[in-house]
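Take a look at the structure below.
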Amino acid sequence: MTTQIDKFFQMRKKYRGAHLLGLGIFFLAWIARSVYKIAKLDLENLHLVIFLILLLSLIYLAYYAIRFNIVERKIKQDVSLREALHDELFQLNELKAWRTAFFSVIGFNVLIALLSFFIVFEDLMLIFITALLIGFGSYSLTLYILDQ
Amino acid sequence: MEDKKILNTLKIQRAKKDLTQEQLAQLVGVTRKTINTVEKGKYIPSTYLALKLSRALGVSVEEIFQLNTDSYS
Chain F
0 MTTQIDKFFQ MRKKYRGAHL LGLGIFFLAW IARSVYKIAK LDLENLHLVI
50 FLILLLSLIY LAYYAIRFNI VERKIKQDVS LREALHDELF QLNELKAWRT
100 AFFSVIGFNV LIALLSFFIV FEDLMLIFIT ALLIGFGSYS LTLYILDQ
Chain W
0 MEDKKILNTL KIQRAKKDLT QEQLAQLVGV TRKTINTVEK GKYIPSTYLA
50 LKLSRALGVS VEEIFQLNTD SYS
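Chains as they are written, first to last, in numbering that gives the first Met the number 0: chain F, 0 to 147; chain W, 0 to 72.
Structure, rendered in structure tokens:
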């Protein structure tokens, strides 16, 4: 018999996975957009396709973010569920995920610093958002892997 | 820093009590994943969880967790 704890654990894992998939698609489209923006390519059709992928993945991401938050809220409302699903192993995994995110962002910044010797980055907002995506993505991915 | 080597008999003790991982997890208030990870020796639980496990299984902490003396010789 599946307990409430296990049911919510599986639900959380499923929504995190779905959210991660959306984030991955969004990230790839974002990188493609960034590359053609930095390279100053003028490809009308590609621009439209990437814009559509970004838009659709954003809608998908928002949908799963809401579902994930509903599950998290239900977990927080129940004391026994909250204690079990935020147990010491989960807290340790969260810590590892934060550490991975931190070092991923540091690594990305070092890469950008090195590349800036050869390329002029005019759009700093683009770099900033990419760094955020890398940080958030590596946090979610680490937690997802450690939950397996 | 020295690598911590702790052996555990959690799986055996749980089997003696005829409990599933899920039932034991519910008794001590953690997820099945945590019990599984401890049983495999991938995660060393805190003193608090070790005490809860010993109480749930009705055995002493030392009966569940032992230092691997080989790693200290």
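Backbone N, C-alpha and C fix where the C-beta goes; we use that ideal spot for every residue, glycine too.
What are the residues of the region 81 to 108 of chain F that lie near chain W, defined by any Cβ-Cβ distance shorter than 9 Å?
Within the region 81 to 108 of chain F, the residues whose Cβ lies closer than 9 Å to some Cβ of chain W are Glu82, Ala83, Leu84, Asp86, Glu87, Leu88, Phe89 and Leu91, listed in chain order.
Taking DSSP's pairing of strands, which residues face W/Asn7 in a bridge?
Here residue 7 of chain W refers to the residue found at position 8 when the second sequence is read from its first residue. According to DSSP, which records beta bridges pairwise, W/Asn7 is partnered with W/Phe64.
Is there a C-beta anywhere in chain W that falls below 8 Å from the one on F/Ile4?
Locating residue 4 of chain F in the first sequence gives position 5, counting from the first residue. Yes, its Cβ sits closer than 8 Å to a Cβ of chain W.
Which whole-angstrom value is the C-beta distance of F/Ile69 and W/Gln25, which I expect to be below 8 Å?
Position 70 of the first sequence holds residue 69 of chain F. Position 26 of the second sequence holds residue 25 of chain W. So it is not a contact: roughly 23 Å between Cβ atoms.
So if I threshold CB-CB distances at 7 Å, which residues from the region 5 to 17 of chain F count as touching chain W?
Answer set for the region 5 to 17 of chain F: Asp5 and Phe8.
With distance defined between alpha-carbon atoms, name the residue in W/Leu66, W/Ile34, W/Lys4 and W/Pro44 nearest to W/Ile11.
In the second sequence, residue 11 of chain W corresponds to position 12, counting from 1. Among W/Leu66, W/Ile34, W/Lys4 and W/Pro44, the Cα nearest to that of W/Ile11 belongs to W/Ile34.
How is the alpha helix (DSSP H) around F/Ser33 delimited, first residue to last?
Walking along the first sequence from the start, residue 33 of chain F turns up at place 34. Residues Gln3 to Ile37.
Hey, out of W/Thr68, W/Ser45, W/Arg54 and W/Glu38, whose CA is closest to W/Thr8's CA?
Your numbering for residue 8 of chain W matches position 9 in the second sequence. Comparing Cα-Cα distances from W/Thr8 to each of W/Thr68, W/Ser45, W/Arg54 and W/Glu38, the minimum goes to W/Glu38.
Closer than 8 Å by beta-carbon distance: list the chain W residues that pair up with F/Asp146, in chain order.
For the purposes of this step, residue 146 of chain F is taken as the residue at position 147 of the first sequence. Those within 8 Å of F/Asp146 in chain W are Lys32.
If you follow the alpha helix (DSSP H) that F/Phe135 is in, where does it begin and where does it stop?
What you label residue 135 of chain F is simply residue 136 of the first sequence in a count that begins at 1. Leu123 to Leu145 is the extent of the alpha helix (DSSP H) around F/Phe135.
Closest by CA to F/Tyr63, which one among F/Lys13, F/Ala130, F/Leu142 and F/Leu145?
Residue numbering aside, residue 63 of chain F sits at position 64 when the first sequence is read from its first letter. Checking every option, the nearest Cα to that of F/Tyr63 belongs to F/Lys13.
For F/Thr99, which residues of its own chain have a beta-carbon under 6 Å away from its beta-carbon, when the five flanking residues on both sides are left out?
As a working note, residue 99 of chain F is residue 100 in the first sequence. Excluding sequence neighbours, F/Thr99 sits near Ser137 and Thr141.
Under 9 Å, CB to CB, which of the residues in the region 51 to 81 of chain F have a partner in chain W?
Under the 9 Å Cβ criterion, the region 51 to 81 of chain F contributes Ser79.
Does the Cβ of W/Lys106 have 16 or more other Cβ atoms within 10 Å, making it buried, or fewer, making it exposed?
Since the first and last residues shown for chain W are 0 and 72, residue 106 of chain W lies out of range.
Alpha carbon to alpha carbon, how far is W/Thr30 from F/Glu93? Give it in angstroms, no decimals.
Counted from its first residue, the first sequence places residue 93 of chain F at position 94. Counted from its first residue, the second sequence places residue 30 of chain W at position 31. Between F/Glu93 and W/Thr30, the C-alpha separation is close to 15 Å.
At least one CB of chain W closer than 8 Å to the CB of F/Gly136: is that the case?
To locate residue 136 of chain F, count along the first sequence from 1; it is residue 137. Chain W contact via Cβ: absent.
Please list, in chain order, all residues of the same chain as F/Gly106 whose beta carbon is under 6 Å from its beta carbon, the five residues on each side excluded.
Here residue 106 of chain F is taken as the residue at index 107 of the first sequence, counted from 1. Excluding residues within five positions, none has a Cβ falling inside 6 Å.
Classify W/Lys16 as helix, strand or coil using the three-state DSSP reduction.
Taking the first residue of the second sequence as position 1, residue 16 of chain W is located at position 17. In this structure, W/Lys16 counts as coil in the three-state DSSP scheme.
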